[in-house]
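Start counting the sequence shown at 1; every next residue gets the next number (UniProt numbering).
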Amino acid sequence: MRTRYRIERRALLTGGTAFTLAAVAGARVPLAQTLDRVSFQTNWRAQAEHGGYYHAVASGIYRRYGIDCEIRMGGPQQNPSQLLLAGRVDFIMSNGFQALNYVRENLPFLTIGAIMQKDPQILMTHEGNGINSFEDMRGRPVLIGASGRVTYWPFLRRRFGFTDEQIRPYTFNVGPFLADRMAIQQGFVSSEPFAAIQAGARPKVFLIADAGYNNYNTTIDVSRRMVTERRDLVQRFVNATMEGWTQYLTGQNIAAANALIKRDNPDMDDAKIAYAIQVMNSNGIVMSGDALTLGCGAMTDARWQSFYEGMRDVGLYPAGMEFQRAYSLDFVNKRVGLA
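Now the structure itself:
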């Protein structure tokens, strides 16, 4: 599905917010007589976890930076990295694993910003069943999808002594979880717990990132060619995106952004969106760690090195790989969104 939004500039948030906008040193904000058109491919159907991008469209932030941004919604039949490789989109939403894959496969792409400082992946079980830690999950069946088995599961094996014999297939519905009070299943902090609550359960949530799993998620990836040839445009896109996110997380004046999300994805409703914003804030999914001092989208060499070495040590990447080629810090760490 492709949707092009052409929404006129609206007033930006002022006052009474958790975050305030700060000037970005060196940022060029053109008068936007002629807008640069760019396309951004998300990794799934529209949701609050994409809210900062939609807000930057709906509130006119991209236009203020001289950009006409087309948000292309992802889904089960789309692979954003393949669209980027084919040159069909300018930017994609991705994660730290894909960035390292670019290096391993010698592909001319890289990550230039990380919206989610914490990966939102969780394991969840039921309140009051005696499972109160990751250690308590050792030896118990865990419902895990295919992608989890090659991302966070190796981390859990090494960190907590999980074994592959524990794995049971996850069918992406909470029915089996609801039927078994001892069930443990994967999920996203902003999604599966909400579905369980709506069904009358009391889920107990364990955020894997809080146990040391330091994958960057909801990253912005782009081609090296675009970074070289349209550097100013790339910087403007990143700055506008980070402004969109810092405003969206306040939950104020975001009705237009949420309307676009619900228009693209009718399965979304106000309750789901409100829950997702609340848990993203309470868990520091976007604003935590380096983002608190460097601004939304922050990345550091130390964090990338730690992630690479951790995934190397569990056998996902070879020793000696030039992981530094997976990313660039040139476009972030400019304190966007901080007073």
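C-beta atoms are modelled at their ideal positions from N, C-alpha and C, and glycine is treated no differently.
Just so you know, these numbers come straight off a predicted model, no measurement behind them.
Per the C-alpha coordinates, the member of 39, 278, 304, 277 positioned closest to residue 290 is 304. Separation of residue 133 and residue 206 (C-alpha to C-alpha, rounded to the nearest whole angstrom) is 8 Å.
Excluding the 5 residues flanking it on each side, residue 176 has same chain C-beta neighbours closer than 8 Å at 143, 183, 185, in chain order. Straight-line spacing of the CA atoms in residue 162 and residue 114 works out to 29 Å. Under the DSSP assignment, residue 114 falls outside any alpha helix (DSSP H), being part of the beta strand (DSSP E) whose first and last residues are 109-116. Judged by DSSP in its simplified three-state form, residue 305 adopts helix. If you draw a straight line from the Cα of residue 306 to the Cα of residue 102, it is about 18 Å long. Using a Cβ-Cβ distance cut-off of 8 Å, the region 279-298 and the region 71-87 are not in contact, since fewer than three pairs of beta carbons, one from each stretch, lie closer than that value. In its chain, beyond the 5 residues on either side, 92, 94, 98 have a beta carbon closer than 7 Å to the beta carbon of residue 81. If the five residues before and after residue 236 are omitted, its C-beta is found closer than 7 Å to the C-beta atoms of 28, 65, 66, 67, all from its own chain and listed in chain order. If you ignore the 5 residues before and after residue 196, its C-beta comes within less than 6 Å of the C-beta of 174, 203, all in its own chain and listed in chain order. Here residue 219 is bridged, per DSSP, to 94, 114. If you look at residue 50, you'll find it isn't in any beta strand (DSSP E); DSSP assigns it neither H nor E.
A Cβ-Cβ contact shorter than 7 Å links residue 188 with residue 120. Given a length threshold of 3 residues, each whole run of the beta strand (DSSP E) inside the region 192-276 is given here in chain order: 203-207, 217-223.
Linking residue 178 to residue 199 through their CA atoms gives a straight-line distance of about 8 Å.
Here residue 104 really is in contact with residue 321; their C-beta atoms are around 6 Å apart, less than 8 Å. Taking 7 Å as the cut-off, the Cβ atoms of residue 337 and residue 242 count as close.
Sorting 52, 62, 100, 38 by C-alpha distance to the C-alpha of residue 310 places 100 at the top.
Where residue 82 is concerned, the enclosing alpha helix (DSSP H) starts and stops at 80-85. Assigned with DSSP and collapsed to three states, residue 176 falls in helix.
Within the model, the alpha-carbon separation for residue 261 versus residue 79 is close to 20 Å. In the DSSP annotation of this structure, the continuous segment of the alpha helix (DSSP H) that includes residue 149 starts and ends at 146-149.
The continuous alpha helix (DSSP H) containing residue 293 extends over residues 291-294.
Straight-line spacing of the CA atoms in residue 256 and residue 45 works out to 17 Å. Residue 61 sits in a helix when the DSSP states are folded into three classes.
In the structure shown, the three-state DSSP call for residue 185 is strand. The beta carbon of residue 238 sits closer than 7 Å to those of 112, 113, 220, 297, 331, 332, all from its chain and outside the five residues before and after it, given in chain order.
Under the DSSP assignment, residue 157 falls in the alpha helix (DSSP H) whose first and last residues are 152-160.
The Cβ-Cβ distance between residue 240 and residue 62 falls below 7 Å. Apart from sequence neighbours up to five positions away, the residues of its chain that approach residue 154 with a beta-carbon distance below 8 Å are 311, 314, 315, 316, ordered along the chain.
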